[in-house]
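Asker: Pasting a structure here, questions to come.
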Amino acid sequence: MPEKILVVVEQREGKLNRASWETLVAGQSIAAETGWILGAAVIGSGVASIASEIAGKRVAKVYDLESPALNPYTPDAFSAGLKQFLSSNQPKLVLMPHTYQVRDFIPKLATAMGRTVISDCVGYRKDGEKLLFTRQMFQGKFAADVSFSCDAPWFVTFQNGAFRGDKVEAGASAAPVETVDLQIAAGTVRNQPQEIFKEAKQAVDLTQAEIIVSVGRGIKEQKNIELAKQLAGALGGEIAASRPICDSGWLPMDRQIGSSGQTVAPKLYLALGISGAIQHIVGMKGARAVIAVNKDREAPIFEIADVAVVGNLFDIVPPLIEEVKKAKAGT
Amino acid sequence: MNPRKSVAGLFMLVFRKTLEGIERPQMPADVVIVGGGPAGMACALRLSQLIDRHNASNPDSQLSKENIYVLDKAREIGQHCLSGALLDPRSMRELLPDFEKEAPLNSSVNKEAVYFLTENSKLKFPITPPPLRDHGNYVISLNRFVKWLGSKVEAAGITVFTGFAGSELRFDGERVTGVLTDDKGVDKQNQPKSNFEPGYELQAKIVILAEGTRGSLTKQLINKFDLAKDCNPQTYGQGVKELWEIPSERIAPGEVIYTMGWPLTSREYGGAWIYGGKDNVVSLGFVTGLDYPDPRLDPQRMLQEFKRHPFVAKLLEGGKMIRYGAKSLPYGGWWAIPPVAGNGWMILGDSAGFLNSQRLKGIHLAIKSGMLAAETAFDAMKKDDFSAATLGAFQQRVESSWIKEELWKVRNFHQGFEHGFWRGMFHAGIQQLTGGRGLRNRYPGTAGYTRMKKLVDLPANGGAEAHLIGNAKGDGKLTFDKLTDLYHSGTKHEEDQPAHLVIHDTDICNSRCIREYGSPCQHFCPANVYEMLDDASAPNGKRISLNPSNCVHCKACDIHDPYQIVTWVPPEGGGGPNYDGM
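Chains as they are written, first to last, in our numbering: chain G, 2 to 332; chain Y, 9 to 590.
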């Protein structure tokens, strides 16, 4: 009996992750070189359509691993389900794409089976009878060929882009699909997934803001940020800051303007208590109008300000907020 | 809640340390050279030449270059290299006899002058003192020169890992057994981020330290084996440099000017250089000995005051400052050099202290030390013996080479100046007549930081140093405040990482140093890394705060803090200044 290769494709919420095609290409290529038999598996609940999509490609067999406990995704369920299947199917080599989901559960799965993972591989090589998997080292400057010395199953994950997904070979006829009902005992799943949400990569795109109220060290204390936020709110603008403010954690780093933060060019840039070091200026000098409030008459920010207000921002900002509100109410 | 605030509400600084309990990839190596400056690159290139020659005539006993690596913390080769710079070509001619045909040499020195400055006038030395005669040397950009030298190393088949710092040495008893590279992707709290990449354990037969002045691994090594016990304490200078573009025909390419005197008083050691280069680009800088008495002095300010001298202001008028940088240099001379070889290790260049402080030159010595270390490493590879018995030959090679010959003649030079400029000139004169001996064979030295005086012992207004007290304001044309200068260093770091300036006890900063010395870190740091911020809850109303991402890697804090509680460790590899063209 030749050895078996199993590609576990990835689905999330019933959608096939495109990186799965790349892994399938890797599987097809290894199978061609070794003469091993290539199978594929999809794991989830109600994912038969994905199984039949895979079955159109050149694979010997497709397994549709089903259990209601697999929806929604949890690392506990996926690792328990796959362990159960792999223990009976006994492939030599298990291939997966190196996705976030796989990264989440594969350490648990491999540990549960007492095996190891060669992760994030960019290729493979057959050296005589030995299968070598290539991993990058020193940020890609070096590549290391790694082989397994443990018993099967051997777990390998491939980096995105390591193979060309569009090169996946279609099968002469559709491969048989076997549905496997996994028994995932109650109590296995200890994770309780909450509602899925997308964390916006940047809560705010300051580069699109027309009005920016930006604070510097002159704001003195974290609680005073609120004052600037009120002004920004009244003006319908965004709040931003110079480096020391974000460095202290008073505002998130994505609100930082300057050479180590964002570069903005709003219609109006209101600088409160910002001295105007060149590192900040380079991030906002494209603003159409700059109003600067600073106690220090010598502050370099005044050199580029269209309106320079010398004074204490705590005296100036509160009445300004009132005036803005009044003016807005008037229109 | 802000995680950086402790329960008591005090602002906590989190310092970088090697993460524990992490499985790290291991890699065996024959030779690991830490630092890709002139010393490290010359070492790699020489080693490659020797191996090539050996392999050509010994088909049966080939040596491999595959496991020889150079680590450099800069993102690109040469990015952290800063010097005046004048190159004495002696060692390069030995390394690559035809180098002058292809190396990026700006211009050949054709005119020198030395001036003694007073506040408003200048006095030209009637003859240029012999040590400052630079005919035959080249004005270079060390950054460009090292970039070129590095390309030779890579072409020779030696791997240069840029963006990787050596963060710890590995020991086995009396042996150095390897280097750990920096952990990448660690956040401000010292926790791994999603892009965490553990440092590599490079298990090396030979570790060659070529980290530049006050190398962080070199410091670990010296402390571990108490290598400096029979040496004079190393003393340092702080060089602050600007590159200017000036209107044409004010200074010719290859024209070299040195100055002594103003803005320094006779109590500080130091001086300035001005080198004319091609395309109306001028390199100028000021070196301040890190042994001045007044803790409020600021080497970056020193350069600004120097530029205000009519002689210099006239030269620069209408010009534009284009680059800035700062670097410390080892002044201590022959008696301050620790043993440079042992079991599994060698130390090169500025890390060892191979610098001629009288000539203000070290590049040629760094290169020569790299070559001699390469010859030693080559013998060790042939013999397959990496113990002190074989590597110790590096020590002898240095002592029988022109490195010692050159440094021996100036072995007491800097110590002679410890009691001021005029006594220094007297000692320098006697030493010149006695082959470097002066009044005795070995002048003792004292560590510069111990010469710093407490504020109570100094006039409140600075006295004779009043014009040097505090940080520069800058007029934005001729003179610049520190942040503006810093901007021109191109310095960049990953912001979300722990502070790599490890202060072992911040209580000393907030309680003692601020009262006793007025927090000199704010002044001697050329990059505004150290700040004392208002904080009503701190014992003296201010607390220490760090801007690690400003750091230009000069090591002045590690060297000069009066309590010796700062340890500079490398930040995440790839960060630092970008000394392009410097």
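Glycine residues also receive a C-beta, built at the ideal position from the N, C-alpha and C atoms.
Predicted, not measured: the structure shown is a model, and the values here were computed from it.
(1) Note down, one range per segment and in chain order, each alpha helix (DSSP H) of at least 4 residues found wholly within the stretch 216 to 293 of chain G.
(2) Tell me the rounded alpha-carbon separation between V290/Y and K160/Y.
(3) Could you name the residues of the same chain whose beta carbon sits closer than 7 Å to that of S365/Y, not counting the 5 residues immediately before and after it, in chain order?
(4) Which same chain residues end up closer than 6 Å to L235/Y when comparing Cβ atoms and leaving out the 5 residues on each side of it in sequence?
(5) Express the C-alpha separation of A546/Y and S519/Y in angstroms, rounding to a whole number.
(6) With 8 Å as the limit, tell me which residues of the stretch 542 to 563 of chain Y have their beta carbon closer than that to any beta carbon of chain G; keep them in chain order.
(7) Taking G158/Y as the reference, which of I135/Y, H88/Y and A396/Y has the closest Cα?
(8) Residues bridged to S115/Y by DSSP?
(9) Can you tell me whether C151/G is buried or exposed? The criterion is at least 16 other CB atoms within 10 Å of its CB, across all chains shown.
(10) Would you report the Cα separation of G593/Y and A321/Y, rounded to the nearest angstrom?
(11) In the DSSP output, what is F169/Y paired with across the bridge?
(12) Give me, in chain order, the residues of the same chain whose beta-carbon lies closer than 6 Å to that of G446/Y; leave out the 5 immediate sequence neighbours on both sides.
(13) Which chain G residues are close to E503/Y, counting only those with a beta carbon under 9 Å from its beta carbon?
(14) Can you find the residues in the same chain that come closer than 8 Å, C-beta to C-beta, to K84/G, ignoring five residues on each side of it along the sequence?
(15) Could you tell me the distance, in whole angstroms, from the CA atom of P166/Y to the CA atom of Y77/Y?
(16) Give the secondary structure of I107/G by DSSP, where H, G and I count as helix, E and B as strand, and everything else as coil.
(17) For M138/G, list the residues DSSP reports as bridge partners.
(18) Assuming F139/G contacts V147/G under a Cβ cut-off of 8 Å, what Cβ separation, rounded to an integer in Å, is found between them?
(19) So, is the C-beta of K84/G closer than 8 Å to a C-beta in chain Y?
(20) Could you check whether L94/G and A27/G sit closer than 8 Å to each other, using their CB atoms as the reference points?
(21) I85/Y to G44/Y, Cα distance in whole Å?
(22) With a threshold of 16 other CB atoms inside 10 Å of the CB of G17/Y, please say whether the residue is buried or exposed.
(23) For T492/Y, which residues in the same chain have their Cβ closer than 8 Å to its Cβ, ignoring the five residues on either side in sequence?
(24) Taking Cβ-Cβ distances shorter than 7 Å, what residues in chain Y pair up with Q140/G?
(25) Rounded to the nearest angstrom, how far is the Cβ of R183/Y from that of H508/Y, given a contact under 8 Å?
(26) Which chain Y residues sit within Cβ distance under 7 Å of Q280/G?
(27) Alpha carbon to alpha carbon, what distance is there between G174/Y and T117/G?
(28) Which same chain residues, not among the five before or five after N192/G, have their C-beta less than 7 Å away from its C-beta?
(29) List the residues of chain G whose Cβ lies closer than 9 Å to the Cβ of T575/Y, in chain order.
(30) With respect to 7 Å, is the separation between the Cβ of G124/G and the closest non-hydrogen atom of the ligand MG below this value?
(31) Using only the alpha-carbon positions, how far apart do V574/Y and E219/Y sit?
(32) Would you say T167/Y faces chain G, with C-beta separation under 8 Å as the test?
(33) How should E239/G be labelled, buried or exposed, when 16 other C-beta atoms within 10 angstroms of its C-beta is the threshold for buried?
(34) List the whole-angstrom C-beta distance separating V39/Y from A385/Y, where the pair is believed to meet the contact cut-off of C-beta under 8 Å.
(35) Let's see if you can read the secondary structure: which residues bound the alpha helix (DSSP H) around E263/Y?
(36) Give the DSSP bridge partners of T243/Y, in chain order.
Answerer: If we stick to the structure as given:
(1) 226 to 236, 244 to 248 and 279 to 285
(2) Reading the second sequence from its first residue, position 282 is the one you call residue 290/Y. Reading the second sequence from its first residue, position 152 is the one you call residue 160/Y. Within the model, the alpha-carbon separation for V290/Y versus K160/Y is close to 28 Å.
(3) Locating residue 365/Y in the second sequence gives position 357, counting from the first residue. So the list reads Y339, G341, V418, F421 and H422, once near-sequence residues are dropped.
(4) In the second sequence, residue 235/Y corresponds to position 227, counting from 1. Only P346 and P347 meet the Cβ criterion.
(5) Counting from one through the second sequence, the residue named residue 519/Y turns up at place 511. Counting from one through the second sequence, the residue named residue 546/Y turns up at place 538. Computed Cα separation, rounded: 8 Å.
(6) N555 and S557
(7) One-based indexing of the second sequence puts residue 158/Y at position 150. For the residues I135/Y, H88/Y and A396/Y, the minimum Cα distance to G158/Y belongs to H88/Y.
(8) Counting from one through the second sequence, the residue named residue 115/Y turns up at place 107. Its beta-bridge partners are V147/Y.
(9) Looking up residue 151/G in the first sequence gives position 150. When all chains shown are included, C151/G counts as exposed.
(10) The displayed coordinates of chain Y run from 9 to 590. Any statement about residue 593/Y would go beyond what the structure contains.
(11) In the second sequence, the residue the question calls residue 169/Y occupies position 161. DSSP lists L79/Y as partners of F169/Y.
(12) Numbered from 1 along the second sequence, position 438 holds the residue referred to as residue 446/Y. Within the same chain, G446/Y has close Cβ partners N420, H435, I438 and Q439.
(13) For the purposes of this step, residue 503/Y is taken as residue 495 along the second sequence, with counting starting at 1. Simply R244, C247, D248, M254, Q257, S261 and G262.
(14) Numbered from its first residue, the first sequence carries residue 84/G at position 83. L110, A113 and M114, listed in sequence order.
(15) Taking the second sequence and counting its residues from 1, one reaches residue 166/Y at position 158. Taking the second sequence and counting its residues from 1, one reaches residue 77/Y at position 69. Before going further, note that residue 166/Y is Ile rather than Pro in the sequence given. Approximately 6 Å between the Cα atoms of the pair.
(16) Taking the first residue of the first sequence as position 1, residue 107/G is located at position 106. In this structure, I107/G counts as helix in the three-state DSSP scheme.
(17) Sequence index remark: in the first sequence, residue 138/G carries index 137 (1-based). DSSP, once it has assigned bridges, lists F143/G as partnering M138/G.
(18) Here residue 139/G refers to the residue found at position 138 when the first sequence is read from its first residue. Here residue 147/G refers to the residue found at position 146 when the first sequence is read from its first residue. No, F139/G and V147/G are not in contact; Cβ-Cβ is about 15 Å, not under 8 Å.
(19) Mapped onto the first sequence, residue 84/G falls at position 83. So, not an interface residue.
(20) Sequence index remark: in the first sequence, residue 27/G carries index 26 (1-based). Sequence index remark: in the first sequence, residue 94/G carries index 93 (1-based). No, these two residues do not count as a Cβ contact at 8 Å.
(21) If you number the second sequence from 1, residue 85/Y lands on position 77. If you number the second sequence from 1, residue 44/Y lands on position 36. I85/Y and G44/Y: Cα-Cα distance of roughly 7 Å.
(22) On the second sequence, position 9 is the one that residue 17/Y refers to. With a pLDDT of 39 at G17/Y, under the threshold of 50, the modelled position of this residue cannot be trusted; read the value that follows with caution. With fewer than 16 Cβ atoms within 10 Å of its Cβ, G17/Y is classed as exposed.
(23) As a first step, residue 492/Y is located in the second sequence; it is residue number 484 there, counting from the start. G482 and G484, listed in sequence order.
(24) Here residue 140/G corresponds to residue number 139 of the first sequence, with the count starting at 1. Chain Y residues near Q140/G: G171.
(25) To locate residue 183/Y, count along the second sequence from 1; it is residue 175. To locate residue 508/Y, count along the second sequence from 1; it is residue 500. That belief does not hold up - the Cβ atoms of R183/Y and H508/Y are roughly 27 Å apart, past 8 Å.
(26) Translated into positions along the first sequence, residue 280/G becomes position 279. Within chain Y, the residues near Q280/G are L491 and Y495.
(27) Within the first sequence, numbered from 1, the residue matching residue 117/G stands at position 116. Within the second sequence, numbered from 1, the residue matching residue 174/Y stands at position 166. Between T117/G and G174/Y, the C-alpha separation is close to 29 Å.
(28) Numbered from its first residue, the first sequence carries residue 192/G at position 191. Result list for N192/G: T75, P76 and D77, in chain order.
(29) By one-based count along the second sequence, residue 575/Y stands at place 567. The contacting residues do not exist; T575/Y stays about 22 Å from chain G at best.
(30) Absent from the structure shown: the ligand MG. Ligands present: none.
(31) In the second sequence, the residue the question calls residue 574/Y occupies position 566. In the second sequence, the residue the question calls residue 219/Y occupies position 211. So the two alpha carbons sit approximately 18 Å from each other.
(32) Indexing the second sequence from 1 puts residue 167/Y at position 159. With respect to chain G, the C-beta atom of T167/Y has a partner C-beta closer than 8 Å.
(33) Walking along the first sequence from the start, residue 239/G turns up at place 238. So E239/G ends up on the buried side.
(34) On the second sequence, position 31 is the one that residue 39/Y refers to. On the second sequence, position 377 is the one that residue 385/Y refers to. Rounded, the Cβ-Cβ distance is 6 Å, consistent with contact.
(35) In the second sequence, residue 263/Y corresponds to position 255, counting from 1. E263/Y -> not in any alpha helix (DSSP H); beta strand (DSSP E) instead, spanning E263 to G269.
(36) Reading the second sequence from its first residue, position 235 is the one you call residue 243/Y. None, per the DSSP bridge assignment.
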